[in-house]
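Novice:
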Amino acid sequence: MAILVLGGAGYIGSHTVYELIDAGRDVVVADNLITGFRKAVHPKARFYEVDIRDKKAMDALFEKEHIEGVIHFAASSQVGESMVDPLKYYDNNLWGTISLLESMVEHGVDKIVFSSTAATYGEPERMPILEYDRTQPTNCYGETKLAMEKMMSWTSRAHGLRYVALRYFNACGAHASGEIGEAHDPETHLIPVILQVPNGQREKISVFGEDYPTKDGTCVRDYIHVTDLAQAHILALDYLIKGGENNVFNLGNGVGFTVKEVIDVARKVTGHAIPAEICPRRAGDPAQLVASSDKAKTVLGWKPQFNDLETIVSSAWAWHKAHPHGFEG
Ligand code: UDP
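FYI, this note's numbering numbers position 131 of the sequence shown as 788, with every residue one higher than the one before it.
#1: Could you pull the DSSP bridge partners for Leu663 from this structure?
#2: List the DSSP bridge partners of His882.
#3: Can you list, in chain order, the residues of its chain with a C-beta nearer than 6 Å to that of Ala840? Leave out the 5 residues immediately preceding and following it.
#4: Is the segment 704-711 close to the segment 762-772, with three or more CB pairs under 8 Å?
#5: Rounded to the nearest angstrom, how far is the Cβ of Glu967 from that of Val912, given a contact under 8 Å?
#6: Check whether the segment 773-782 touches the segment 928-946, counting contact only when three or more Cβ pairs, one atom from each stretch, lie closer than 8 Å.
#7: Assuming Ala702 and Val727 form a contact by the criterion Cβ under 8 Å, report the distance between their Cβ atoms to the nearest whole angstrom.
#8: Take Arg924 as the anchor and find which of Asn903, Lys978, Gly857, Ile851 has the nearest alpha-carbon.
#9: Name the one or two DSSP bridge partners that Leu852 has.
#10: Out of Leu744, Ser733, Glu806, Ile660, state which residue places its alpha-carbon closest to the alpha-carbon of Ala687.
#11: Would you give the residue range spanned by the alpha helix (DSSP H) that Ala940 belongs to?
#12: Could you work out which residue in Gly909, Pro937, Asp921 is closest to Asp824 when comparing CA atoms only?
#13: With Phe984 as the anchor, note down where its alpha helix (DSSP H) starts and where it stops.
#14: Does any heavy atom of ligand 1 sit closer than 7 Å to the C-beta of Val684?
#15: What distance in whole Å lies between the Cβ atoms of Ile786 and Ala882, which are believed to be in contact at a cut-off of 8 Å?
#16: Quick check: is any heavy atom of ligand 1 less than 7 Å from the C-beta of Leu852?
Laid out in structure tokens, this is it:
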């Protein structure tokens, strides 16, 4: 039986497909290639160019392939964009998941692991964040991901679906093979945007806000390597296959770095001065997000391998230096 990876041509999806194939699993990838790249799909995965909102096409896929479980990455994922175009997020993230779950229920596929986010918490009440802490998103992206979690929960009650929601903190880094890495167009995430400076693609990095209540006034985030995230998806899927109940897990390193600290690490790794300019805050950004991932470690047996920011930024730099135009050059 195969594992269906939706959004398997995207950043975290493609890395998860690589780990699944390395672990000897049979993998089917579906992706509409709007933000994903065909070249990011592992050559051993069977690829379908399908939009999850296209129920007929998804039904046909479930009829053709023998799917044991689904890993669902297919969603829009930019905080800033979600604030100016919220309905795009409702359409792609919520409508897409409704259509997907209908198709899964109709075809008797009852296990799903899906990408949720630290943005479901909003401005946290305490640090590090635990899974049962208050969820009150401050941006539309987080709101739609929280609604997806609830949709899974109600579908589970009604139809016996079982799910694991993985709330990622800040995904970064690239695959050790050098074959795949982060590539968004436009790029908005901090580490790849910083690395565009030493790559000669931008003159300076804009720091969004220096007046947050943090040690240097810039936002604090928990940066976690994409391969560690990928491994957590496999563990979560196996947990469901072994009969595990519905669950939610944080995935982070448990250590927070400010935007300025990340820029300093990138200066050290690249040997470039990387000029920075202080700009206004970006809408929707909470001041601090740092995870407690103890639950994923205890229940899933997750062991993140890359817990040092310098190693993570070095792996991202190796990819971006070799692929300044991502998968397109
Ligand atoms: N950030 C920044 N300049 C940039 C991109 C991001 O200062 O060009 C900040 C952003 O405001 C946030 C942190 O870096 O505090 C991480 O942002 P990113 O978009 O990478 O991830 P998010 O936390 O939104 O998921």
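Yeah, the Cβ is synthetic: ideal placement off N, Cα and C, and Gly gets one too. Small disclaimer: the values here were computed from a predicted structure and weren't measured.
Specialist: To lay it out plainly:
#1: Ala687, His729
#2: Cys829
#3: Gly983, Phe984
#4: no
#5: Not quite, the Cβ-Cβ distance comes to about 12 Å (not below 8 Å), so this is no contact.
#6: yes
#7: Not confirmed; about 14 Å, so no contact.
#8: Ile851
#9: In the DSSP output, where bridge partners are listed per residue, Leu852 has none listed.
#10: Ile660
#11: Unbroken run through Ala940: none, as it is neither H nor E.
#12: Reading off the sequence, residue 824 comes out as Arg, not Asp. Nearest option by C-alpha distance: Gly909.
#13: Phe984 -> no alpha helix (DSSP H), and no H or E assigned at all.
#14: no
#15: At residue 882 the sequence reads His, which differs from the Ala that was named. About 19 Å; that fails the 8 Å criterion.
#16: no
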